[in-house]
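In terms of this note's numbering, the sequence shown opens at residue 11 and continues consecutively. Using N, Cα and C, we set each Cβ at its ideal position, and we do this for glycine too. If you're wondering where the values come from, they're calculated on a predicted model, not measured in any experiment. Just below is one structure, and these are the notes that go with it.
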Amino acid sequence: MSVSKTPTRGEIAHLVIDSTGLKVFGEGEWKVKKHGQERRRIWRKLHLAVDSNTHEIICADLSLNNVTDSEAFPGLIRQTHRKIRAAAADGAYDTRLCHDELRRKKISALIPPRKRCGLLAR
């Protein structure tokens, strides 16, 4: 099976952003549940930005597990120089840092507000 694809160019209508945890080193989950944690487990966070129309990964970043989604967001969004109309992300990205970066790049934010939040002053 051959899976080769030329990356798309031009405007991105809808960018979807999220992250996931990757276990780099440590015991398996079954062993930890059965015998308890013996050693320190090492995790990394993979931050991805995907074009929702083409499913192409536009930007990716790997960080330490203590880096929050909103802290990684500006570096992730700066990796592409393509025009982006709208970006969707979960409530973890509802921070001044993320909204300022989206505003700077003239991208519409599709981010639900966090619980117990107030309006951001411009």
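Rounded C-alpha distance that separates Asn-76 from Ala-82: 11 Å
What residue does the beta strand (DSSP E) around Ala-82 start on, and which one ends it? No beta strand (DSSP E) holds Ala-82; the alpha helix (DSSP H) holding it covers 79-87.
Segment contact flag, the stretch 67-75 with the stretch 95-111, C-beta cutoff 8 Å, min 3 pairs: no
DSSP puts Lys-55 in a beta bridge; with which residues? Gly-31, Ser-73
Cutting at 8 Å between CB atoms, please list the residues of its own chain near Gly-3, excluding the five before and the five after it. The shown model of the chain, from 11 to 132, leaves out residue 3, and the question about it has no answer.
For the candidate residues Ala-59, Arg-106, Thr-78, whose alpha-carbon lies nearest to that of Leu-86? Ala-59
Take Asn-63 and list the residues in its own chain whose beta-carbon comes closer than 7 Å to its own, dropping the five residues that flank it on each side. So the list reads Ala-23, His-24, once near-sequence residues are dropped.
Is it buried or exposed for Thr-30, if we count other Cβ within 10 angstroms and need 16 for buried? Taking all protein chains in view, the Cβ of Thr-30 is surrounded by fewer than 16 other Cβ atoms within 10 Å, so the residue is classified as exposed.
For Glu-21, does the count of other Cβ atoms within 10 angstroms reach 16, so buried, or fall short, so exposed? exposed
In angstroms, rounded to a whole number, what distance separates the CA positions of Thr-105 and Ser-80? Spanning the two alpha carbons is a distance of roughly 7 Å.
Per-residue burial, His-57 [other beta carbons within 10 Å of its own, 16 or more giving buried]: By the 10 Å Cβ count, His-57 comes out buried.
If you count every other CB in all the chains shown that lies within 10 Å of the CB of Asp-110, and 16 or more means buried, which is it? exposed
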